[in-house]
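The working numbering applies: residue 189 is where the sequence shown begins, and numbers increase by one. Structure, as structure tokens:
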Amino acid sequence: MPSKTDIKTDIKFLQSLEEGEVMSQMTLSKRIGVSIGFTNALLKRAIHKGYVKAKSAPYKRYAYYLTPRGFSEKSRLVVEYLDTSLDFFKNARNQYAELFELAHAKGHNQLVLLGAGELAEIAVMAAWDAKIEILAIVDAQTSREKIGNVSVLKSLEEITQYDALVLTDSDAPQTTFERVSHLKGHTNLFVPKFLRIHGSDASENRREAGS
């Protein structure tokens, strides 16, 4: 079954072609947020399946537009995405709840989240029913200042006292994991299993939920 991220990319791809605009593959790749090579693969697949047609335009550009079959596929994907999103939300919330129970059992009751995207929102909600406190969320890339009642900071150095860290970065979780793992003293890092982080069981002080 395609992942939530795969379905979302396909939806963005088809939505980007709804208006039949003239554009280059570079423009399309930026709009979708994937590489040109992957954009080219998406186009070839969609054209082969009859979802998209293309007409050549000047300067190596094309007018891409959805066929009736393409519109039907987009609608189907939206429904599938909503179903997948609900399953993903339930699974993620359960795994964060398990992590918080584990953290509490180990005496880690004041936690910091790493990443301010949708996973942080889910983790904050999961914390409402847990015996722990989310002190802050750290994300250098976001413009958000708060998630719920939790402040978002740009750097981990802005907060000096906490018991453990929890990975909530959905954009580059492996990179964040590796960066924090190499910081001296930051070994109490809790990682949900659904993020599929390589090396997350490398230390006895790191734990996964959902195993």
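Glycine included, every Cβ here is placed at the ideal spot set by N, Cα and C.
Close Cβ partners of Arg332 (< 6 Å) along its chain, the five nearest in sequence each way excluded: Close CB contacts of Arg332 within its chain, under the 6 Å cut and outside five residues either way in sequence, are with Ala304, Val340 (chain order).
From Asp357, Ile199, Thr348, Gly387, residue whose alpha carbon lies closest to that of Arg219: Closest by alpha carbon: Ile199.
Residue span of the beta strand (DSSP E) that contains Arg249, given as start and end: Per DSSP, Arg249 belongs to the beta strand (DSSP E) from 249-254.
Residue environment, Gln283, which counts as buried when at least 16 other CB atoms sit within 10 Å: By the neighbour-count rule (16 or more Cβ atoms within 10 Å), Gln283 is buried.
Inter-stretch contact (C-beta, 8 Å, three-pair minimum) for the stretch 312-324 and the stretch 289-299: Output reads yes: the stretch 289-299 touches the stretch 312-324.
Start-end ranges of the alpha helix (DSSP H) lying completely within the stretch 284-322, minimum 4 residues: With a minimum length of 4 residues, the continuous alpha helix (DSSP H) runs that stay inside the stretch 284-322 are 306-315.
Same chain, Cβ closer than 8 Å to Leu371, five either side skipped, listed in chain order: Exclusion of the five residues before and after Leu371 leaves Leu344 as the residues of its chain whose Cβ lies within less than 8 Å of its Cβ.
For Ile347 and Gly208, the rounded distance between their alpha carbons: Approximately 49 Å, taken between the alpha carbons.
Closest Cα partner of Ala311 within the set Leu353, Lys294, Thr330: Ranking Leu353, Lys294, Thr330 by Cα distance to Ala311 puts Leu353 first.
Top-ranked residue by Cα proximity to Gly338, from Ala328, Ile385, Leu355, Ala315: The sequence shown places Val at residue 338, rather than the Gly named in the question. It is Ala315 whose Cα lies nearest to the Cα of Val338.
Among Tyr239, Val267, Phe201, Pro246, the one whose alpha carbon lies nearest that of Pro256: Among Tyr239, Val267, Phe201, Pro246, the Cα nearest to that of Pro256 belongs to Tyr239.
Classification of Ser217 by the beta-carbon crowding that lies within 10 angstroms, buried from 16 upward: So Ser217 counts as buried.
Asp357 and Asn376 closer than 8 Å at C-beta: Judged by their CB atoms, Asp357 and Asn376 are not nearer to each other than the 8 Å cut-off.
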